[in-house]
Ligand code: 13P
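In the working numbering, the protein residues as written are 262 to 625.
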């Protein structure tokens, strides 16, 4: 086997390792607030709000300007490009505001999911062209980490070898380009929850997806200590009508899939919420952390819907509700911070927190 020249300098490795470790510090996780303009349409429209740049800014301002206690539980925020360059009412750039609160700014780099022609509805994710220059610019402007989301669908004939290979490779290329530019890549190969499959099939597919992913990261010399994985939890399909599964069943299936495929060099796993209700996402994370077994990585959250849903509906587009909306976000963050150490006592299960946030074929 050929030998390779140094992929990253020692200094770059140290920098990436310390960013990744700070993101998954004990009891902390990520707020995924990187909905694209199209996804924000789906969030704002039910509130009767127009999807304007200003309304998107006002909403993100609510997320970022709450009580400083938030940074006890939220280590990083992922932003869409537009949000990354927006400012608060008093002209403070969001990036500066977050840094002052000791929250690490992150950027969504992918440019969305596109079909792989000839497959059974499978997809890859675009955005590699010009990516190195974009990474360099975002790093200069204050980003320390990045996200790139790919998706797989479970059906009788998917995921296929071609989709597994393509998605793993595009994630590895993205991760390599990020690291060259000092950004910690969050690698997100999401297995969608759509389908009638049971827990065992979800577990097997997740294992296969992760095995392809880490083979590609190895082939591309990606420095695993300076990466984070953002997977789905292993859950039965949303349309599954057979057995009911407990939080402990989901925890066992999820940790087992990770044990079989994710190298111990990876510092942390930051789960997406994937349409689970806020309360389920918290309870499943808690069960995962309470599960007794080998877990060489931090296991925490990078939730979008499961951190924002109650906050968004409490706000409802009305200025007089802003303080209450900030309070409910803090409550969810606190609950997930506790779950990230396996110490959630189940005391935040009120109101909308139990409502399913599932959307078929979810785009981001
Ligand atoms: P959800 O937690 O809403 O699934 O989204 C997280 C995310 O960032 C998906 O890419």
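Yeah, the Cβ is synthetic: ideal placement off N, Cα and C, and Gly gets one too.
The three-state reading of DSSP puts residue 290 in strand, counting E and B together. Annotated as distal: residue 594 and residue 324, with beta-carbon spacing of 8 Å or more.
A direct Cα-Cα distance of roughly 5 Å separates residue 495 from residue 515. Separation of residue 439 and residue 347 (C-alpha to C-alpha, rounded to the nearest whole angstrom) is 23 Å. In terms of Cβ geometry, residue 444 and residue 399 form a close pair [threshold 8 Å]. Under the DSSP definition of a beta bridge, residue 450 partners with 411. Residue 593 has its CB no nearer than 7 Å to any heavy atom of the ligand 13P. Counting only unbroken stretches of 4 or more residues, the alpha helix (DSSP H) elements lying wholly within the stretch 474–542 are 508–522, in sequence order. Residue 313 carries a coil assignment under DSSP once its states are collapsed to helix, strand and coil. For the beta strand (DSSP E) assignment, the uninterrupted runs of no fewer than 3 residues enclosed by the stretch 387–442 are, from N- to C-terminal side, 406–413. One alpha carbon belongs to residue 557, the other to residue 487, and they sit about 15 Å apart.
Less than 8 Å divides the Cβ of residue 537 from the Cβ of residue 567. Apart from sequence neighbours up to five positions away, the residues of its chain that approach residue 589 with a beta-carbon distance below 8 Å are 571, 572 and 575, ordered along the chain. Straight through space, the alpha carbons of residue 374 and residue 621 are spaced by roughly 15 Å. The way I'd put it, the stretch 403–419 does touch the stretch 359–366; three or more beta-carbon pairs between them come closer than 8 Å. A straight line joining the alpha-carbon of residue 613 with that of residue 507 spans about 21 Å. Taking 8 Å as the cut-off, the beta carbon of residue 300 is found no closer than this to the beta carbon of residue 564. Here the alpha carbons of residue 477 and residue 513 stand approximately 26 Å from one another.
When Cβ pairs closer than 8 Å are counted between the two stretches, the stretch 461–475 is seen to touch the stretch 521–531, the count reaching three or more. The beta carbon of residue 333 lies closer than 7 Å to those of 598 in the same chain, with the five residues before and after it left out. Within 7 Å of the C-beta of residue 535 there is at least one heavy atom belonging to the ligand 13P. Closer than 7 Å to some heavy atom of the ligand 13P: that describes the Cβ of residue 563. For residue 304, the distance from the CB to the nearest heavy atom of the ligand 13P is not below 7 Å. Residue 375 has 385 as its beta-bridge partners, per DSSP. If you draw a straight line from the Cα of residue 582 to the Cα of residue 313, it is about 20 Å long. Beta-carbon to beta-carbon, residue 341 and residue 296 are separated by about 6 Å, close enough to satisfy the 8 Å threshold. Assignment of residue 298 by DSSP, reduced to helix, strand and coil, places it in the helix class. Collapsing the DSSP output to three states places residue 344 in a helix.
Residue 601 is positioned such that its CB atom lies no closer than 8 Å to that of residue 545.
With a cutoff of 8 Å on beta-carbon distance, residue 561 and residue 531 are scored as near each other. For residue 339, the closest alpha carbon among the candidates 580, 465, 294 and 529 is that of 294.
The C-beta distance from residue 386 to residue 431 rounds to 6 Å, short enough to meet the 8 Å contact threshold.
Residue range 365–369 is occupied by the beta strand (DSSP E) that includes residue 367, with no alpha helix (DSSP H) assigned at that position.
The DSSP-derived three-state label of residue 560 is strand. In this structure, the straight-line span from the alpha carbon of residue 327 to that of residue 461 is close to 41 Å.
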